[in-house]
Amino acid sequence: MPGLPAPHPAATCLITGASSGIGAAIARELASRGHGVTLVARREERLRDLANELAEAYPVRAEVLACDLADAAARGALPGRVEALGLRVDVLVNNAGLGTHGRFVELDAAREAEQVRVLCEAVVDLCGAFAPAMAARRSGGVLIVSSLSGFQPVPNTATYAAAKAFSLSFGETLHAELRGCGVSVTTLCPGPVDTEFFEVSGPHPTQRVFPKPLWETAEAVARAGIEGLARNRRVVVPGAAMRALVASGRLAPGGLRLWVLDRFYRGAEAQ
Ligand SMILES: NC(=O)c1ccc[n+]([C@@H]2O[C@H](COP(=O)([O-])OP(=O)(O)OC[C@H]3O[C@@H](n4cnc5c(N)ncnc54)[C@H](OP(=O)(O)O)[C@@H]3O)[C@@H](O)[C@H]2O)c1
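Okay, here's the thing in structure tokens:
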């Protein structure tokens, strides 16, 4: 059965969106287990601070590759940059993301397309760059950070929810295709997590819809994701309340779910 590959000096875990929130927590979780990490995001200074913190706290190699994942050419250069460091990617964590909200027709179309590039295109691109070698070695792990929003369309976050449905479907399929190849593939679907996500997106209806006790910490979500990957779990939804929400949502007809969510989010946007 596949699990997390054992730490190796020539191997690294490449984590996108490691400059804050869930990505930074995943980097800490992996480094604490003895894995070398390669931190990817746009804010290089933040990545350097985290790399220094990890290299001081644990006997691991922590590398920094600043990259705008919305830029296809910059993404395309990543495999060569990893190779130039003398490293191979044993674990790939597709975590980077952003989320807009509001009625689609009122949103900036360019920002919506950027969201798709980061949440969908970059995930396919990076899996395409690193998963074939993992399958050939019969060893590796791919963690894809999707969202609770991936389980159904969500009015007021049309592009985000659709993009997360894409990454959830893609991750589940990859999990099935790589079964028996020694490569773990897990899709992590958190509910609300207290991170900078809501500073980047601006005041978000999720902050009003979900009461605070239902929010998870980035650390708890990161641990659940890495433990799920180590067990090659197909999908991980952190938190019992969120798992109950997903299960009950699946029982309701699609039209009813859309109506209820529209009422919820419309009300929250209006507050
Ligand atoms: N917070 C939640 O409630 C929640 C719930 C479910 C799922 N998620 C998902 O969890 C993931 C992490 O989000 P978070 O909550 O940790 O938010 P966060 O604290 O805002 O972190 C987002 C990360 O993505 C990176 N990023 C964004 N655009 C990028 C780009 N163009 N190129 C490279 N990196 C980029 C950011 O780095 P730079 O700005 O430095 O580039 C940052 O490191 C996302 O995929 C999000 O959709 C979050």
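Residue numbers (this note's numbering): -7 to 263. We put the CB at the ideal spot given by N, CA and C, even for glycine.
In the DSSP assignment, Ala127 falls within the unbroken alpha helix (DSSP H) covering Ala114 to Arg129. Taking the CA atoms as reference points, Lys204 sits about 10 Å from Thr198. Looking at the DSSP output, Asn86 sits in a beta bridge with Ile136. For Leu77, no beta strand (DSSP E) encloses it, and the DSSP letter there is neither H nor E.
DSSP, reduced to helix, strand and coil, places Val175 within a strand of the structure shown. Proximity of the region 15 to 29 to the region 43 to 54 meets the contact definition, three or more beta-carbon pairs being nearer than 8 Å. Taking Glu211 as the centre and dropping the five residues before and after it, the same chain places the C-beta of Ala17, Arg20 and Glu21 closer than 8 Å to its C-beta, in chain order. For the options Leu237, Val175, Ala10 and Gly259, the alpha carbon positioned closest to that of Cys181 is the one of Leu237.
Relative to ligand 1, even the nearest heavy atom lies 8 Å or more away from the CB of Asp41. Separation of Met126 and Arg80 (C-alpha to C-alpha, rounded to the nearest whole angstrom) is 9 Å.
Note on the region 161 to 236: whole beta strand (DSSP E) runs with a minimum of 3 residues are 175 to 180, in chain order.
Asn86 and Phe256 have their C-alpha atoms some 30 Å from each other. Three or more pairs of CB atoms, one per stretch, sit closer than 8 Å, so the region 102 to 111 contacts the region 55 to 71. Shown here for Val185: same chain residues with a beta carbon closer than 8 Å to its own, the five before and five after excluded, namely Gly13, Ile14, Trp207, Glu208, Thr209, Ala210 and Val213 in chain order.
Residue ranges of uninterrupted beta strand (DSSP E) with 3 or more members, entirely inside the region 3 to 63 and ordered along the chain, are 3 to 8, 29 to 33 and 54 to 58.
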